[in-house]
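Numbered continuously in my numbering, the sequence shown closes out at residue 148. Every residue, glycine too, gets a C-beta built ideally from N, C-alpha and C.
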Amino acid sequence: MGSSPRPRPKRLAEKLLQIRLALNLSQDAMLVRLGLDAKVLRSAVSGYELGTREPPLPVLLTYARCVGISTDVLIDDKLNLPDRLLKGTTREIVRHTRTPRTNRKR
Numbered sequence: 043m044g045s046s047p048r049p050r051p052k053r054l055a056e057k058l059l060q061i062r063l064a065l066n067l068s069q070d071a072m073l074v075r076l077g078l079d080a081k082v083l084r085s086a087v088s089g090y091e092l093g094t095r096e097p098p099l100p101v102l103l104t105y106a107r108c109v110g111i112s113t114d115v116l117i118d119d120k121l122n123l124p125d126r127l128l129k130g131t132t133r134e135i136v137r138h139t140r141t142p143r144t145n146r147k148r
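Following this line, the structure appears as structure tokens:
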């Protein structure tokens with residue numbers, strides 16, 4: 043065992059965001075779905091989705107169980123989420139990342 047950090051999955055954050063969007067949940071609602079609403083702040087889910095925080099293994103297991111996939115799919119960068127989860131999430135990601143318009147003329 044060396045002192046170097048263990049390798050982190052590069053696509054984990056993207057997959058966790060796609061799961062939440064596929065379930066059509068807010069970050070607060072995702073915490074409730076994961077059973078973490080009493081233990082963890084919403085900023086944790088944000089950190090998981092941005093890749094600034096790595097979820098503990100039990101949290102990864104709960105994400106996987108929420109959508110009926112193996113944890114292998116989450117942690118293996120070579121594996122993609124099932125198509126049934128991805129339908130509509132691209133649109134949602136774009137919608138959530140757009141800057142809102144202000145001062146619209148009606």
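Would you check if the distance between the CB atom of residue i and the CB atom of residue j is smaller than 9 Å?
i, j, result
"Val101", "Ile61", "no"
"Arg53", "Gln69", "no"
"Leu123", "Ile111", "yes"
Going by beta carbon distance, what residues of the same chain come within less than 8 Å of residue i, once the five residues before and after it are set aside?
i, result
"Leu121", "Asp114 and Val115"
"Ile117", "Pro51, Leu54 and Leu102"
Near residue i, what residues of its chain come up, given a Cβ to Cβ distance below 6 Å and the 5 sequence neighbours on each side ignored?
i, result
"Glu91", "Ala55, Leu58 and Leu59"
"Arg137", "Only weak support is given to the placement of Arg137: the predicted model assigns it a pLDDT of 42, under 50, and the value that follows is read from those uncertain coordinates. Around Arg137: no qualifying Cβ."
Do you know how far the Cα of residue j is from the Cα of residue i?
i, j, result
"Leu78", "Arg95", "15 Å"
"Gly93", "Ala80", "22 Å"
"Leu65", "Arg126", "11 Å"
"Ser88", "Leu67", "13 Å"
"Ala86", "Ser46", "24 Å"
"Leu33", "Arg48", "What the structure shows of the chain is the stretch from 43 to 148, and residue 33 is not part of that stretch, so it cannot be assessed."
Kindly list the residues whose CB is nearer than 7 Å to the CB of residue i, restricted to its own chain and excluding five residues on each side of it in sequence; keep chain order.
i, result
"Arg50", "Glu96"
"Val82", "Leu73"
"Asp119", "Pro51, Lys52 and Arg53"
Take residue i as the anchor and find which of the options has the nearest alpha-carbon.
i, options, result
"Val74", "Leu128, Gly89 and Tyr105", "Tyr105"
"Met72", "Arg107, Pro124 and Ile117", "Arg107"
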